[in-house]
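Asks: Numbering-wise (full-length UniProt numbering), the sequence shown opens with residue 1 and increments by one.
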Amino acid sequence: MGDTAFDADPALWDGENGGPQTSNVLFGFGDDDPELAPDPDAAPDEVNDWWEELSEDEREEVMEQEPEHIRDLDGIPSDVRHDLNQDFLEEETQRRLEEEGLTREEALEIDSDADDELVELRELVKLEETLNGDDGDDYYLLALDPEEERSIVSRGNPDTADNVSTLVPGTGIGWEAMNGQLGRAESLHEAASAADRGSDHASIAWIGYDTPNWVQAASDWNARGGRDELIGFQDGLRATHEGEPSNNTVIGHSYGSTVVGGSAQSSILGGEAVDADNLILTGSPGAMSNNVEELDVDPDNVHTTRSEDDEVVGDVLAWAHGTDVTSGWYGANVFESEPGTGHSDYFDDPQSGQMRYMGEVIAGER
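In structure tokens form, the structure reads like this:
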């Protein structure tokens, strides 16, 4: 997020007209620019200050008139984002069902080899069923934007949790892969809960950047773009959190670890670094660094693993983005992954050795 400044002040709202004053500093004037909501490049803490100053009526007005401008805006509380995104999910799912002439039951039977539009519809219905299921109240849909390839879901409320983890995916993960990524986040949530059953945990599946294909994965271009999005999202988690600061862990899998490593270095592109207490790098082709000391996170809180059976990193990517993060030279805490763990298998079993370790890190027990 940028640093567009504005005062979170009641004066932002025009008492006579019952709406916000539209300053060219605070608000844009293009056809698609918000008139009530803050500029999308405003810093998350400024967005949150603005939101907190609004009356209930003013909040309702923004939610009703410009939901598209705040439902994926870092600094807006998670429950507000969830409500607006769930409304969008229901509308988008129904629109696509009618367009295809299918029922929800029929959509769930769509084969993975079907056209992309049909597979996307199936995944929307699956996500809707999860959010409306028996445990639906424990899920928070923080972003859903098929056009921008973004989808973010949390198991647990990150605004009230003691421990918050964010999973950053790697190559070839589009927004429609949310259900699979959410399954991984749920495994992390289970592992953290096993490590500390007395605390509240939130585990986030974050598809918040333009993930590369296999050819693009040799470059750090996507990682450099993703770092800004990840920094903004983590700043938003800090801004909206209630009470004492949470223990925040950012987990990068595959190329996602390259994004995480890049985001943790203030020396890269602009002098900002991700606000995280712990980093976990799994199946990493490199973290845009040659030594853990280059990261703006305590080296004692950087943890890495790579399975001996990870054929992708071992044979294909071969540490294309810096020193092998599991080497002694790199200097991070290295933990073992169980034999037989393939590149896509690290998060499958919440009771595996690597997941128990990650759960302890997330819970602040290691």
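Quick reminder that beta carbons are idealized off the backbone N, C-alpha and C, glycines included. Since the structure is predicted, the reported quantities are computational estimates derived from the model, not experimental observations.
1) Can you list, in chain order, the residues of its chain whose CB lies under 7 Å from that of His189, leaving out five sequence neighbours each side?
2) Please report the straight-line C-alpha distance between Leu127 and Phe347, rounded to a whole angstrom.
3) Among Asp115, Gly236, Val215, which residue has its Cα nearest to the Cα of Glu176?
4) What does the Cβ neighbour count give for Gln94, buried or exposed, with the cut at 16 atoms within 10 Å?
5) Looking at the secondary structure, which residues open and close the alpha helix (DSSP H) in which Ile70 lies?
6) Would you identify the three-state DSSP class for Ser151, choosing helix, strand or coil?
7) I'd like to confirm the pairing. Which residues does DSSP put opposite Ile207 in its beta bridges?
8) Determine the direct distance from the alpha carbon of Met178 to that of Gly353, and round the result to whole angstroms.
9) Name the residue from Thr341, Glu58, Asn48, Phe88 whose alpha carbon lies nearest to the alpha carbon of Leu73.
10) Taking the CB atoms as reference points, tell me whether Ala205 and Leu167 lie closer together than 7 Å.
11) Would you kindly report the start and end of the unbroken beta strand (DSSP E) that includes Val164?
12) To which residues does DSSP link Thr103 through a beta bridge?
13) Are the Cβ atoms of Asp231 and Ser263 separated by less than 7 Å?
14) Are Met63 and Ala191 close, meaning C-beta to C-beta below 7 Å?
15) In terms of DSSP beta bridges, what is Thr305 paired with?
16) Can you give me the Cβ contacts of Ala218 inside the same chain, cut-off strictly under 7 Å, excluding the 5 residues immediately before and after it?
17) May I ask you to report which of helix, strand or coil DSSP gives Ser187?
18) Does the count of Cβ pairs from the stretch 233-250 and the stretch 264-281 closer than 8 Å reach three?
19) May I ask you to report which of helix, strand or coil DSSP gives Ile110?
20) What whole-angstrom Cβ distance do Gly256 and Val292 have, given they're in contact under 8 Å?
21) Checking the sheet assignment: what are the DSSP bridge partners for residue 370?
22) Between Pro44, Ala37, Ala43, Ala42, which has its C-alpha nearest Leu54's C-alpha?
23) Mind reading off the beta-carbon distance from Asp210 to Glu149? Whole number of angstroms is fine, and I expect it under 8 Å.
24) Between residue 392 and Glu129, what straight-line distance do the alpha-carbon atoms span, to the nearest angstrom?
25) Report buried or exposed for Arg197, applying the criterion of at least 16 other Cβ atoms within 10 angstroms of its Cβ.
26) Am I right that Val153 and Tyr140 are in contact with their C-beta atoms under 8 Å? What's the rounded C-beta distance?
27) Looking at C-alpha atoms only, which residue of Ser344, Glu100, Glu365 is the closest neighbour of Gly170?
28) Between the alpha carbons of Ala363 and Pro245, how many angstroms are there, rounded?
29) So if DSSP puts Gly322 in a beta bridge, which residue, or which two residues, is it bridged to?
30) Quick one: what does DSSP say Leu127 is sitting in, helix, strand or coil?
31) Under the three-state reduction of DSSP, which class applies to Val47: helix, strand or coil?
32) Could you check where the beta strand (DSSP E) with Asn222 kicks off and where it finishes?
33) For Tyr139, does the three-state DSSP call read helix, strand or coil?
34) Since I believe Glu360 is in contact with Leu185 (beta carbons under 8 Å), could you give me their beta-carbon distance rounded to a whole number of angstroms?
35) Give me the Cα-Cα distance between Gln65 and Leu84, rounded to the nearest whole angstrom.
36) Kindly indicate which three-state DSSP category Asn179 falls into: helix, strand or coil?
Replies: Looking at the coordinates:
1) Taken in chain order, the residues that qualify are Arg155, Gly156, His201, Ser203.
2) Approximately 19 Å between the Cα atoms of the pair.
3) Residue Asp115 is the option with its Cα nearest to Glu176.
4) Here Gln94 is exposed. Its C-beta has fewer than 16 other C-beta atoms within 10 Å.
5) Note, Ile70: alpha helix (DSSP H), 67-70.
6) The answer is strand: DSSP assigns Ser151 an E or B state.
7) In DSSP, Ile207 forms a bridge with Ser151.
8) If I take the Cα positions, the gap works out to 25 Å.
9) Answer by Cα proximity: Asn48.
10) Their beta carbons are under 7 Å apart, which means Ala205 touches Leu167 by this criterion.
11) Unbroken beta strand (DSSP E) run through Val164: 163-168.
12) Per DSSP, Thr103 has no beta bridge partner at all.
13) Looking at the sequence provided, one finds Ile at residue 231 rather than Asp. Yes, Cβ-Cβ distance for Ile231 and Ser263 is below 7 Å.
14) At least 7 Å separates the beta-carbon of Met63 from that of Ala191.
15) Partner(s): Thr282.
16) Non-local C-beta neighbours of Ala218 in its own chain, meaning closer than 7 Å and more than five positions away in sequence, comprise Ala320, ordered along the chain.
17) Here DSSP, grouped into helix, strand and coil, assigns Ser187 to helix.
18) Cβ pair count under 8 Å is three or more, so yes.
19) Looking at Ile110 - three-state DSSP - the assignment turns out to be coil, as it is neither helix nor strand.
20) A Cβ-Cβ separation of about 18 Å leaves Gly256 out of contact with Val292 under the 8 Å criterion.
21) The question about residue 370 has no answer, for the chain in this structure spans 1 to 366.
22) Checking every option, the nearest Cα to that of Leu54 belongs to Ala37.
23) In this structure, Asp210 and Glu149 form a Cβ contact; the two beta carbons are roughly 6 Å apart against a cut-off of 8 Å.
24) Since the first residue of the chain shown is 1 and the last is 366, residue 392 is not available in this structure.
25) Counting other Cβ atoms within 10 Å of its Cβ, Arg197 stays below 16 and is therefore classed as exposed.
26) The Cβ separation is near 7 Å, so the contact holds.
27) Nearest option by C-alpha distance: Ser344.
28) Distance from the CA atom of Ala363 to the CA atom of Pro245, rounded to whole angstroms, is 13 Å.
29) In the DSSP output, where bridge partners are listed per residue, Gly322 has Ser289.
30) Correct three-state label for Leu127: helix.
31) Three-state DSSP puts Val47 in a helix.
32) Segment 221-240 is the alpha helix (DSSP H) holding Asn222; no beta strand (DSSP E) there.
33) Three-state DSSP puts Tyr139 in a strand.
34) Note on residue identity: the sequence assigns Ala, not Leu, to residue 185. At roughly 17 Å, the Cβ-Cβ gap does not stay under 8 Å, so Ala185 and Glu360 are not in contact.
35) Straight-line spacing of the CA atoms in Gln65 and Leu84 works out to 11 Å.
36) Of the three classes helix, strand and coil, the one that applies to Asn179 here is helix, per DSSP.
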